[in-house]
Amino acid sequence: MSANGGTKAIIAALLANIGIAVTKFIAFLLTGSSSMLAESIHSVADSGNQGLLLLGGRRAKRAATPQHPFGYGRERYIYAFIVAIVLFSVGGLFALYEAYHKFFDPHGITEHQWVPVTVLVIAIIMESFSFRTAIKESNQTRGKQSWVRFIRRAKAPELPVVLLEDFGALVGLVFALFGVGMTLATGNGRWDAVGSGMIGVLLVVIAIVLAIETKSLLLGEGAEAHEVAAIERAVTDGPEVERIIHMKTLYLGPEELMVAAKIGVPACETAEEVARGINAVEARIRAAVPIARVIYLEPDIYSAAADRAGTGSAAHTAVPESDEVAGRPGS
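As numbered in our numbering, residues 163 to 493 make up the sequence shown, in order.
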């Protein structure tokens with residue numbers, strides 16, 4: 163995902179949510195509807211979340227420092243995780259509390275009955291435009307992936323977060339419209355509480371999904387299978403490397419991948435030839451996977467016997483274990 167695409171979707175969602183939050187609060191003050199209050203807090207929480215995503219994207223651009231030599235790219239994941247917490251606590255739990263309170267103290271909507279329905283319909287229209295922008299930006303990088311896989315496997319957190327927030331907002335507005343409509347039709351305020359409760363459950367579920375997916379990114383995810391295959395082809399597509407002994411990858415941020423590998427090189431090469439070969443391999447990796455910006459290649463001489471022993475190195479190049487490390491008493 164490009165940073166510009168994510169920023170465009172975030173700004174669209176932010177502007178929509180600010181406008182929607184104001185109109186919902188006005189509707190709540192005029193009608194006292196529990197569903198309208200829950201939706202108002204939901205929109206405020208969403209607006210704050212988009213602000214957090216913008217802040218995280220800005221802070222992630224800071225240059226690397228001696229204390230943080232790999233930069234701040236993963237800070238975007240931290241802010242996305244905070245978004246999940248805000249959505250759970252401020253949005254979901256508040257809506258559930260309001261539903262509980264309204265269910266045991268029900269009252270119908272007796273004044274300005276047209277206001278909540280009008281506001282909710284307008285909010286659905288505004289939220290649909292925001293959701294359309296998020297879908298359009300996501301389709302540029304989603305490719306042939308399903309929406310579920312895109313949300314689960316995306317390394318940049320902004321679009322999945324905005325997609326789920328906008329989806330939750332649209333469904334939540336429908337729930338609110340249901341609660342308000344049934345309250346107006348029956349005069350029973352408990353339907354308003356039901357609508358608020360449905361909104362709360364929805365937001366809690368979305369927050370849990372976001373937290374689980376963002377936690378995986380915070381722990382550190384490796385490259386996708388097609389990226390690993392492209393890197394492996396780049397490494398072995400030349401005379402410099404006989405084989406890959408082992409390789410690991412790690413996303414340092416949404417747009418920066420680290421590649422670390424031990425490679426088997428011909429035994430007769432000089433140090434100058436090995437260094438020149440490593441430079442050529444690094445150039446091929448960056449051409450094949452441009453986000454592979456941090457590359458560490460360790461040359462070694464491959465040995466099948468050592469590979470079976472678990473090192474992959476030639477026996478005469480492997481560092482011998484000391485008696486203490488090997489778990490044997492010293493002589």
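The C-beta atom is built at its ideal place from N, Cα and C for all residues, glycine as well.
Predicted, not measured: the structure shown is a model, and the values here were computed from it.
If you count every other CB in all the chains shown that lies within 10 Å of the CB of PHE250, and 16 or more means buried, which is it? In the sequence shown, counting from the first residue as 1, residue 250 sits at position 88. Answer is buried; the Cβ neighbour count reaches 16.
Looking at the structure shown, is VAL451 part of a helix, part of a strand, or coil, going by DSSP? Indexing the sequence shown from 1 puts residue 451 at position 289. Three-state result, VAL451: coil.
Which whole-angstrom value is the C-beta distance of GLU320 and LEU215, which I expect to be below 8 Å? As a first step, residue 320 must be located in the sequence shown, where it is residue number 158. As a first step, residue 215 must be located in the sequence shown, where it is residue number 53. With a Cβ gap of about 5 Å, GLU320 and LEU215 count as contacting.
Quick one: using the 10 Å Cβ neighbour count with 16 as the cut-off for buried, is LEU381 buried or exposed? Here residue 381 corresponds to residue number 219 of the sequence shown, with the count starting at 1. It is exposed - the Cβ of LEU381 has fewer than 16 other Cβ atoms within 10 Å.
Excluding the five sequence neighbours on either side, which residues of its own chain have a C-beta within less than 7 Å of the C-beta of LEU412, listed in chain order? Here residue 412 is taken as the residue at index 250 of the sequence shown, counted from 1. The residues are GLY382, GLY384, MET420.
For GLY357 versus PHE337, is the C-beta spacing smaller than 9 Å? Position 195 of the sequence shown holds residue 357. Position 175 of the sequence shown holds residue 337. Yes, they are a contact pair.
Go to LEU255, then tell me how far its alpha helix (DSSP H) extends in each direction, as first and last residue. Numbered from its first residue, the sequence shown carries residue 255 at position 93. Counting along the chain, LEU255 falls outside any alpha helix (DSSP H), and DSSP gives it neither H nor E.
Mapping the DSSP letters down to three states, classify PRO231 as helix, strand or coil. For the purposes of this step, residue 231 is taken as the residue at position 69 of the sequence shown. Residue state, collapsed to three classes: coil.
Which partner residues of LEU459 appear in the DSSP bridge assignment? Numbered from its first residue, the sequence shown carries residue 459 at position 297. According to DSSP, LEU459 bridges with ALA423.
Name the residue from LYS317, GLY334, PRO228 whose alpha carbon lies nearest to the alpha carbon of LYS520. The chain is shown from 163 up to 493; residue 520 falls before or after that span and cannot be answered.
Give me the Cβ distance between ALA257 and ALA200, rounded to the nearest whole Å; I'm assuming they're in contact under 8 Å. For the purposes of this step, residue 257 is identified with residue 95 of the sequence shown, where counting begins at 1. For the purposes of this step, residue 200 is identified with residue 38 of the sequence shown, where counting begins at 1. Yes, they are in contact, since the Cβ atoms of ALA257 and ALA200 sit about 4 Å apart, within 8 Å.
Quick test of the definition: if touching needs 3 or more C-beta pairs under 8 Å, does the region 292 to 302 touch the region 320 to 335? yes
Since GLN212 and ALA175 are thought to touch, with beta carbons under 8 Å apart, how far apart are those beta carbons, to the nearest angstrom? In the sequence shown, the residue the question calls residue 212 occupies position 50. In the sequence shown, the residue the question calls residue 175 occupies position 13. Between ALA175 and GLN212 the Cβ distance is about 5 Å, and since that is below 8 Å, they are a contact.
Please go through the same chain and pick out, in chain order, the residues whose beta-carbon is closer than 6 Å to the beta-carbon of PRO428, but skip the five residues on each side of it. Here residue 428 refers to the residue found at position 266 when the sequence shown is read from its first residue. Excluding positions up to five away in sequence, the list is empty.
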